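Undergrad:
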Amino acid sequence: MDQLAAREKLEQDVLKGLRRPGKWYLLGLAFCTLLFVNALVLWGYQASQGLGVAGIMHPVGWGVYIANFVFWVGIAHSGTLISAVLYLFRARFRTSFNRTAEAMTIFALMVAGMFPLIHLGRVEIFYYLLPYPNQRNLWPNFRSPLVWDVFAITTYLIVSLVFFYVGTLPDLAIVRRRMTGVRARIYSFFSLGWTGSLGQWKQYSRLYLLLAAFATPLVASVHSIVSWDFAVSILPGWHTTIFAPYFVAGAIFSGTAMVIILMVPLRRTLQLQPYISIDHFEAIAKILLFTSLIISYAYLVEYGLAFYGHNQVEMELFRYRALGHYSVLFWLMIICNSLVPLTLFIKRLRRNLAYLFVVALLVNLGMWIERFILIVTSLARDFDPYAWGTYTPSWVEIGITFGSFGLFFMLILLFVKTVPVLSMSELKERL
Amino acid sequence: MMTQTYQYEEAEAFLSKLRELLQSGISQEQLELQLPYHLPEVEQLLELRPGPLRFFALTGGLSGFLGGLGLCIYTALSWPLITGGKPIVSLPPFLIIAYLLAVLFGSLASFAGFLLLARLPKRDNLLEPSDFGNHFVIVVKGEGQ
Amino acid sequence: MERREFLQLLGIFSGAAILPGCGDDRSASKLVSYLVPPDEGVLPGEARYLPSTCCECPAGCGLTVRVREDRAVKLEGRPGHPVNDGGLCMRGQAALWRLYHPERLRHPLRRDADGQFQPVSWDEALTLVVEGLRQARQQGRANLLLSGRTTGTLAELQQHFCQQLEVEQLPQFEPFSHAALRQAYGILFAQPEVPHYRIDQSDLLLSLGADLFETFVSPVNYARQLSRAIKQDDFQWIHAEPHYSLTGANAGERLILLPGSEAALLCFLLVRLDAADERNRLPMQLMAALPASSLEETARLTGLPKRRLEQLAKQLRLAERPLLIVGGIATSQPQGLQVALLAGLLQQRLGMVGNRVDFSQAEAYASVGSLHDLERLTERLEQDQVGVLLVSATDPLVQAPAALDLKQKFQRAGLRVGLCDLFNESAQQFDLLLPLSHPLESWGDAVPRRGVFSLLKPAIAPLYDSRSAGEILLEILQRVGQQVQNQSYQEYLFNTWQQRFDQQQLQQFSEQGFLSLPVSAVPHQFRPEAVSSQLATTQAATATAPHLILTPSIRSFDGRSSCLPLLSELPDPLSTVSYGRWLSMAPTAARKLQLRDRDLVRISSGDWSAELPVRLQPGLAATVLMVQGDLLSEAPLPTDARSGELIRRLDGVRLTKLGGAVALAILSGSSSQQGRGLIPDPVHTQEQPLEQTRFYRAHPHKDYRWAMAIDLELCIGCGACAAACYVENNVPVVGQQDHLQGREMSWLRLAPFYDDAGRASFIPMLCQHCHNAPCEPVCPVYAAYHNAEGLNVQVYQRCVGTRYCSNNCPYKVRRFNWWQHQRQAPLEQMLNPDLSVRDRGVMEKCTFCVQRIRQARDRAQDEQRPIRDGEVLTACGQSCPTGAIVFGNLLDESSAVYRLAHSHRAYRVFADLGTEPSIYYLRKG
Amino acid sequence: MNRLILIVILVLLVGFPAAALFLLYNLPFDNRDPAPVQPIAFQHTVHAGKMQLPCTFCHRYVERARQAGIPSLSLCMSCHRSIATEREEIKKLTSFFEAGQPVYWSRVHQLPDFIYFSHKRHIKGGVLCATCHGEVAQMEVVHQVRSLEMGWCLACHRDRGAPTDCTTCHK
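Protein chains in written order, with the working numbering: chain U, 1 to 431; chain V, 432 to 576; chain A, 577 to 1501; chain B, 1502 to 1672.
(1) With a threshold of 7 Å on Cβ separation, who are the neighbours of U:Y303 within its own chain once the five nearest residues in sequence on each side are excluded?
(2) Give the residues from the region 1430–1454 of chain A that approach chain V closer than 9 Å (Cβ to any Cβ), ordered along the chain.
(3) On the three-state DSSP scale, how would you describe V:S538?
(4) DSSP beta-bridge partners for A:E939?
(5) What residues from chain A crowd round V:I569, counting only those whose CB sits closer than 8 Å?
(6) Classify V:M433: buried if its beta carbon has 16 or more other beta carbons within 10 angstroms, exposed otherwise.
(7) Rounded to whole angstroms, how far is the Cβ of A:P768 from the Cβ of A:Y761, which I believe are closer than 8 Å?
(8) Pick out whichever of A:A1472, A:Q1059, A:Q759, A:A670 has its Cα sitting closest to the Cα of A:E1145.
(9) Less than 8 Å between CB atoms is the rule here; does U:E316 satisfy it with respect to chain A?
(10) Can you pull the chain B residues whose beta carbon is under 7 Å from the beta carbon of U:R136, in chain order?
(11) Go through its chain and collect everything with a Cβ distance to U:R7's Cβ below 6 Å, but skip five positions before and after it.
(12) Which residues in the same chain have their Cβ closer than 6 Å to the Cβ of A:S1322, if we skip the five residues on either side of it in sequence?
(13) Identify the contact partners of A:Y1380 in chain U, using a Cβ-Cβ distance below 7 Å as the criterion.
(14) At the level of alpha carbons, what is the spacing between B:I1506 and B:V1512?
(15) For the putative contact between A:V1238 and A:L1176, defined by C-beta atoms under 8 Å, what is the C-beta separation to the nearest angstrom?
(16) A:A1364 versus chain B: which residues are under 8 Å apart at the beta carbon?
(17) From the DSSP secondary-structure annotation, give me the bridge partner or partners of A:W1282.
(18) Between A:K983 and A:Q1005, how many whole angstroms is the CB-CB distance? I'm expecting something under 8 Å.
(19) Check each residue of the region 603–636 of chain A: if its Cβ is closer than 9 Å to any Cβ of chain B, include it; give the result in chain order.
(20) In the DSSP assignment, find the beta strand (DSSP E) that holds V:V570 and state where it starts and stops.
(21) Name the chain A residues whose beta carbon is nearer than 8 Å to that of U:W388?
(22) Compare the Cα-Cα distances from A:D997 to each of A:Q1084, A:C1139, A:L862, A:I1292 and report the closest residue.
(23) I think A:P1015 touches A:T629, with their Cβ atoms under 8 Å apart; what is that distance to the nearest whole Å?
(24) To the nearest angstrom, how far is it from the Cα of B:H1658 to the Cα of V:K517?
(25) Figure out for me which residue from A:Q891, A:D853, A:A976, A:E700 has the closest Cα to the Cα of A:G1135.
(26) For A:R1335, which residues in the same chain have their Cβ closer than 7 Å to its Cβ, ignoring the five residues on either side in sequence?
(27) Under 6 Å Cβ to Cβ from A:A766, same chain only, skipping five residues before and after it: list those, please.
(28) Strictly below 8 Å CB to CB, what residues from chain B border A:D646?
(29) Are the Cβ atoms of A:V1354 and U:P420 separated by less than 8 Å?
(30) In the DSSP assignment, the alpha helix (DSSP H) including U:V358 goes from what residue to what residue?
(31) Classify U:Y320 as helix, strand or coil using the three-state DSSP reduction.
(32) So with Cβ pairs under 8 Å, would you call V:E478 a contact of chain U?
(33) I'd like to know whether the C-beta of B:N1532 is nearer than 8 Å to at least one C-beta of chain U.
(34) Can you check whether the C-beta of A:H1123 is within less than 8 Å of a C-beta belonging to chain V?
(35) Under 8 Å, do U:H223 and U:G74 count as touching if we go by C-beta distance?
(36) A:P1356 touches chain V at which residues, Cβ-Cβ below 9 Å?
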């Protein structure tokens, strides 16, 4: 087949995804939207009644909401890892995933960004957190990790958006060419009049490299900063130096799993098998396996530090994690995060997409639980034994959690129908 | 000399023609190239220099870093409140803010530089799109045009 | 004082002066003018402090009422008052809830033919009473007046009333009547009274069952006295009881007796001590009447080791000024009267009577009856002999033992007239309800013990169309022409006082709110001959286990205060249960039945049974089960035939595990401190903490650095501080549901920590105002920061509610407003206007009563001087009955807090975390 | 046409952030009536202006207490029993007094509940009434002239070296 025909076929194949949606798509979209709207209603209820409608209490002041926040920020990470870090390392398999992964980063960050607002006692004055001149002559406290979070998340979201948008520019021009009517004009507007001239490509490639360079440290820093929310505190189980690398590894672990969760069905329904090969999935699976090992190592180290260090408060906490009120969750987490991924050492399993999909689902379940355990147990058993308590999420928190998944998948579904899920201009290089 | 347009379906043919044209003494200013995807070989042939985009990034990044640090220090001093026994100007946390703003401003400045240097958005093309699809195109402009 | 001056004093409350900023809605946007200017010294927006007397229990503590804008907003113990000298217990603190109780009766009510209550005017209501009295007399039925313990002028007025109107005054009704005690003292010394115990003059206190800190006669007074006694080096305190009380938890040593063995113990001690000394021996005849009490037998009966028994006798013998107090559970049992008699004999033998057991200052219990009187009342009711039954300021329907079935028989009185304050279930059993004014709205006086006069003076104008008992009785008398027309009760009182006191005393009485008059010593006569016959049956019948003991409650007294929401909100000191009822049992016994906290059990005795959740109580004897009496008022408790005391023990009860658990609000997460040294082991008293290494230089403090010292040796865990904090700082009462979810709002909590032997130590935990506070740097908006005077400030208006500060607080003393807490009208009138009411979504915590610091600074600035040591009293420290909490400026080397902070006993909780708290605890020993 | 679009876009680009900043700068807004209607049309222009009564003649607690105090009706009546009795507004006053009803004046200057403010401290510190209340003697209807917002208070506190600790005012 000659090159031109191959390129044309690629465009046709990829743009098939943008056709009029089918029944199942609409049903899925409606379901996700419903979950999200439900969460909005619950949030409104919570905002009017007070945080009492959530299950959080004294001493567990942070619960499911912050677990969700950490989880979704974590999901965001592998998007940047795939698009920026692997770009710098020239990993070829990245082109199969990078567009979806970048979109995932943005959507996950949008979802994550909602949770700090949801968990505020007085969301109506969230603007106190922003540094802007005001009549009160007051500024936020830059010594607070929560302000670091505000900056980290905003920076990460904006940089990811720019990165994503720049990457889609050439593809938007292709879509414009292949569309007619109003849709063509809309795509035309967003493609900024991209023609593919050498001058544009020249600047484009340089910008892409620069943005990748800017985004790469964010992979390490943003989740480090999120981890410092916990690590700079004084609590047993939180106040530990391994948190930053441990969180980053965990973020990549769960994010990679989410990429698998998204790409396996996409590849099938959009018939992208020619462009995304099993080899590519295997490469991703190896990342999953590797980060799982790091995570397991971190679990071991935490226990080792606590018990070898013989700090009473730490020992009690880690005993409680494994054997206390949340022990079932703890062991489920160990199974999902440390044991199940070990099966990926077997090549046959690693190349089996259905199996990989199931492992990825379990990994994400496990990682969500990890955040829950980590946040809740440390608060439930800290220094003063009189103030120990147990936390059970309320239906409001659970509803909002499901709503966050609803919002995420709603955005992914909308993305699939509006933007080419593969980077055509990059794939053309590979043809 | 009249303006000439060459269209190719394959990258190799395009590149050999381009090489041929360059050897025949046609200056870079006379060439207008359209590509369906980024071909690094073209830049090698034309011996393109890195260009000024780097400086946008550097300026943005530096101003973000200094601005961030300045913001933190200024606000902390404008109403000095002690928290946790830490000094009013606590550099470690302020460096985090400075670093993040460096990344943010650097990225945004690079993007702005890109738009400027690549002359985007292109108004003509916004309204009346025209491109050459998946073809490689070389336009050799006539002298004096 | 002249009559004119006195009446002028009244003028303040005549309602002429409406002060700005009253609690109604429109005042928020309106300024209200005075009609006439207020009296000199009354400034708008500034607090006034008026004397009064607490009427929440019979102890009669002196009060200082803080009044803001014509609203009483805080009660404090009155310094110098002979009963409480500044301290006030949690029930006293909660008394404001009775004043502003939403269920207050607002006007007289009369039950109509359909059984519905209809409002009537006072005129109609009193006419009905007069008419009823007349009719009953014609029918030959007796008119009766039953009241709670009443002293002072009102008691005289009651007598006068009864004489004039041919109403029979029944002996006053008190559930804790101390009848056995009084009867025994009557037999022994012809003094049927409760003496005043002078604990602070003793060097050895042996208390037997008497719950000195909870309900026994005058708890705040005893706590004050004990705190003075403990400060003497050689003071010893041994407490013996079968169950576990707060008093026992605080005694130097707590002896666990087998239930019902108090008499045996006393018998043994009496025989031993009588033999030890040749002088003043008790008559042979009397000693012969005592049952044989060998060491072995006593050890078997009491369950105490022989060595300990001998040692106890020796301790008593060697003590120079021993004091024995019996009461509470020890006298509310089948041998109650013997216990009281034997104790009296021991007191006589060891020379306590007349000095440390002081009858000249006897507590005013003489006119209180016993359950026998109530039994007689039910008999007369059954025989339809009762015409009008006036019940004044007491609630026999709830508090009489279930066995009497008073509620049923009560219906047979001709006309049931209730003088009560709340429209609760027992109020609805009356035909005619006359709303009583709260003591803070009324004039009056109280004589809690002989020679002590305490003033009641209205702090606010009555909220409703209510009257005080005195006003009602006086008006009825006037109606039948037995009293000077148009004389008000105030004038009546004033006349009485003028007759009783001289000018100087009167002046003192009205200014300081109390008066101590010298009392003549009462010559006591010892009548051993009367005792012998009573002692014959002393030998204890061995009771069968397990025993259910119904204890008094520090929170509700005998149940009368359980209607005050604050007291349900505050946890029981020993079990830390707030809402609901529970059965305390020993961990060992629970393990046998595989019971854990909150597991449901059924407890039964005869036909009666009740279902309760279990709460493990370390240190409780394995054969003893414990429930607070007012939570199990339906239990079939018998009355002691001889003393008329309620027997608060059921023997041989059956306990069945029901399976399943119920939600019970247990506030403590752990009864052990898990070896974390919040309260250091006294063994290691000499260890000095290492000097902290600092990463950053310590920040400076200018003129003041506020700090607090809490002496754990003095802290008795009574919870008065926590109660005071609630009232002072507008801390919301959130209710059972939030407590079950761990969302109590208390700024100050008392954590009981038990060691392996079941000994309890208490530590008040509140914001430590750390120098390097972990809560501060994590706040994104500077809502938590450290000010120049060392306060850890929380700016509510700035708080966005991230709760990070609470997470990062190692002491977990920050409280989050999960809701917009509502206060049912008119409870919002109790709010302290000196600090804001926190909104939903805001973090709050102890401020070291910054409003009081502000007030002191304002005063100091006016006088151009620094704030004096002791000028700022935090609400908790002010209320503490033992004075365990001291507040002041750490930079002032002459201050009390500086001295205590540099004591060898001082330590700081979790010092190794480097938070450098501003609260110094003083360890025991 | 194109230029017009460009201008509109520019205006939006500049205007929108400016409006947003203005909004944020001033949040939260105070939307009370700056000059509410009073039950009796009391004339500060006459009493404080023409007759030059000192402020403390009526607001007599201002040097001694947190609240300045509203004059009692008996104080008003001490003059108005004989002066200007025929006027409509004075008749209102008399009827209030005779009925024994207090007057519910509308508050002009109102600090939020969570603020501790002491007139005494400010007067003793040498702050003039007019600094916060404006020239009341020249106001036909008294209205609020200062924002009484935190930034405004703070500016003065800083100028005068008065305490700026949060607990000074926040309670």
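Every residue gets a Cβ at the ideal spot worked out from N, C-alpha and C, and that includes glycine.
Bear in mind the structure is a predicted one, so any value in this text is a computation, not a measurement.
TA: Let me lay it out:
(1) F318
(2) none
(3) helix
(4) A:V770, A:R1025
(5) Those within 8 Å of V:I569 in chain A number zero; the least Cβ separation is about 58 Å.
(6) Taking a 10 Å sphere around the C-beta of V:M433, we find fewer than 16 other C-beta atoms and assign the residue as exposed.
(7) 6 Å
(8) A:A670
(9) Closer than 8 Å to some Cβ of chain A, the Cβ of U:E316 qualifies, so yes.
(10) M1651, G1652
(11) K428
(12) A1298
(13) L146
(14) 10 Å
(15) 6 Å
(16) D1666
(17) A:N1465
(18) A:K983 to A:Q1005, Cβ: 7 Å. Contact.
(19) Cβ contacts with chain B come from S603, A604, S605, K606, L607, V608, S609, Y610, L611, V612, P613, P614, L619, P620, G621, E622.
(20) Residues 567–571.
(21) G1245, S1246
(22) A:C1139
(23) Between A:P1015 and A:T629 the beta-carbon gap is near 7 Å, inside 8 Å, which marks them as a contact.
(24) One C-alpha to the other measures close to 26 Å.
(25) A:A976
(26) G1195
(27) Q1101.
(28) Per Cβ cutoff of 8 Å: no residues; A:D646 is ~13 Å from chain B at best.
(29) A distance of 8 Å or more separates the beta carbons of A:V1354 and U:P420.
(30) Residues 353–380.
(31) helix
(32) no
(33) no
(34) For A:H1123, the answer is no, since every Cβ of chain V falls outside 8 Å of its Cβ.
(35) yes
(36) Chain V residues near A:P1356: none, gap ~11 Å exceeds 9 Å.
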